[in-house]
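K.L.:
Pasting a structure below so you can have a look.
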Amino acid sequence: MSPAPLPGPSWVLPVGRSLGPRGAGYDVLAGRQVHELDPMSWVLWSLCHGLPGHRAPWTLADVELQATASGLADAVPLLDGLLERGLVTLAAPDDDAVLTRVRAVVQLPALGNTADDPDTFSLGTPEVPLVGLDRVTYDVVTSAHRFPDLAAAVASAAGLWFRAGAPALAGGDAAALGARVREALPLLLAVGAVHLELAPAGTPS
1 MSPAPLPGPS
11 WVLPVGRSLG
21 PRGAGYDVLA
31 GRQVHELDPM
41 SWVLWSLCHG
51 LPGHRAPWTL
61 ADVELQATAS
71 GLADAVPLLD
81 GLLERGLVTL
91 AAPDDDAVLT
101 RVRAVVQLPA
111 LGNTADDPDT
121 FSLGTPEVPL
131 VGLDRVTYDV
141 VTSAHRFPDL
151 AAAVASAAGL
161 WFRAGAPALA
171 GGDAAALGAR
181 VREALPLLLA
191 VGAVHLELAP
201 AGTPS
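Take the sequence shown: its position 135, counting from 1, is numbered 135 in the UniProt record's numbering, and each next residue is one higher.
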């Protein structure tokens, strides 16, 4: 049975990373499992990542709109299939608890900052930086693969910056940093800067 839709607009979060085509389908690696998707399911999974110009949480309505524009008439059953296979998860757009359910793995080079813009830390290619973050959020994102979930990565970074006495995170407020990381996720996913994995069940954050 697929998860019930959340009340109100549900944030759609894709899980796994594409391994490309295989035969008539496409492979997606999620955790240690390779999932073979038919072309229509793969298109819908790709649409779940959002669009680069859209910085707000990517909702079910957004996915359905893009699916219709792409000619996918049966988006709902396809999405149910992705949910059942753990290749998509849903969250409330303003719920920081989602950070305990997923971990992030960077897929693009971490470029750091530049003399021209020392406060912006980018991911992308040297020719085309695709996303710019503040220093603390950048530290969370680029180190997130070392932690069981994003909440643990946030807590670690908040503690480090607080102990260092840095003004970038007043009071070592992990909740405020978590909100910044959550707000950065739509763009990070849309440009392929990170991919998400489901956090191990029962792992303390």
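Cβ atoms here follow ideal geometry from the backbone N, Cα and C, with glycine treated the same way.
Alpha carbon to alpha carbon, how far is Val-76 from Pro-186? Give it in angstroms, no decimals.
P.N.:
Cα to Cα, Pro-186 sits roughly 21 Å from Val-76.
K.L.:
Assign Asp-62 to buried or exposed, taking buried as 16 or more other Cβ atoms, counted over all protein chains shown, within 10 Å of its Cβ.
P.N.:
Classification of Asp-62: buried, given that the 10 Å Cβ count is 16 or more.
K.L.:
Can you tell me where the alpha helix (DSSP H) holding Gln-33 begins and where it ends?
P.N.:
First-last for Gln-33: 33-37, but that is the beta strand (DSSP E), not the alpha helix (DSSP H).
K.L.:
For Val-136, report the span of its alpha helix (DSSP H) as first-last.
P.N.:
Counting along the chain, the alpha helix (DSSP H) containing Val-136 begins and ends at 135-143.
K.L.:
Once DSSP output is grouped into helix, strand and coil, what is the label at Ser-122?
P.N.:
Reduced to three states, the DSSP call for Ser-122 is strand.
K.L.:
Going by DSSP, what residues sit across from Asp-27 in a beta bridge?
P.N.:
Asp-27 is bridged to Gly-20, Glu-36.
K.L.:
Cβ atoms of Cys-48 and Val-106: under 9 Å apart, would you say?
P.N.:
No; because the gap between Cβ atoms is not below 9 Å, this pair is not in contact.
K.L.:
With distances taken between CB atoms, is the gap from Leu-72 to Met-40 smaller than 9 Å?
P.N.:
Yes, the Cβ-Cβ distance between Leu-72 and Met-40 is below 9 Å.
K.L.:
Since Ala-184 and Thr-137 should fall inside the 8 Å C-beta cutoff, what is the C-beta to C-beta distance between them, to a whole number of angstroms?
P.N.:
About 6 Å separates the two Cβ atoms, so the contact holds.
K.L.:
Is it the case that the segment 150-160 contacts the segment 118-130, given that we only count it when at least three CB pairs across the two stretches are under 8 Å?
P.N.:
No contact exists between the segment 118-130 and the segment 150-160.
K.L.:
Look at the alpha carbon of Gln-83 and the alpha carbon of Ala-179, and state the distance between them as a whole number of angstroms.
P.N.:
Strictly speaking, residue 83 in this sequence is Leu, with Gln absent from that position. Their backbone Cα atoms lie some 25 Å apart in a straight line.
K.L.:
With distances taken from CA atoms, which of Arg-182, Ala-110, Arg-17, Ala-193 is nearest Thr-100?
P.N.:
Thr-100 has its Cα closest to that of Arg-182, out of Arg-182, Ala-110, Arg-17, Ala-193.
K.L.:
Does the pairing of the segment 86-105 with the segment 147-158 give three or more beta-carbon distances under 8 Å?
P.N.:
Taking 8 Å as the limit for Cβ pairs, the verdict is that the segment 147-158 does touch the segment 86-105.
K.L.:
Within the continuous beta strand (DSSP E) that includes Glu-197, where are the two ends?
P.N.:
Per DSSP, Glu-197 belongs to the beta strand (DSSP E) from 194-198.
K.L.:
What residue does the alpha helix (DSSP H) around Arg-180 start on, and which one ends it?
P.N.:
Run containing Arg-180: 174-190, per the alpha helix (DSSP H) assignment.
K.L.:
In three-state terms, what does DSSP make of residue 224?
P.N.:
A question about residue 224 goes unanswered here, because the residues of the chain that appear run from 1 up to 205.
K.L.:
Can you give the Cα-Cα distance for Leu-37 and His-195, rounded to whole angstroms?
P.N.:
So the two alpha carbons sit approximately 17 Å from each other.
K.L.:
Got a sec, what are the start and stop residues for the beta strand (DSSP E) Leu-13 sits in?
P.N.:
Residues 11-14.
K.L.:
Between which two residues does the alpha helix (DSSP H) containing Leu-90 stretch?
P.N.:
Careful: Leu-90 lies outside any alpha helix (DSSP H), inside the beta strand (DSSP E) at 88-91.
K.L.:
Can you tell me the Cβ-Cβ gap for Leu-130 and Val-141, rounded? I've got them flagged as a contact below 8 Å.
P.N.:
Their Cβ separation, rounded to whole angstroms, is 13 Å, which puts Leu-130 and Val-141 out of contact at 8 Å.
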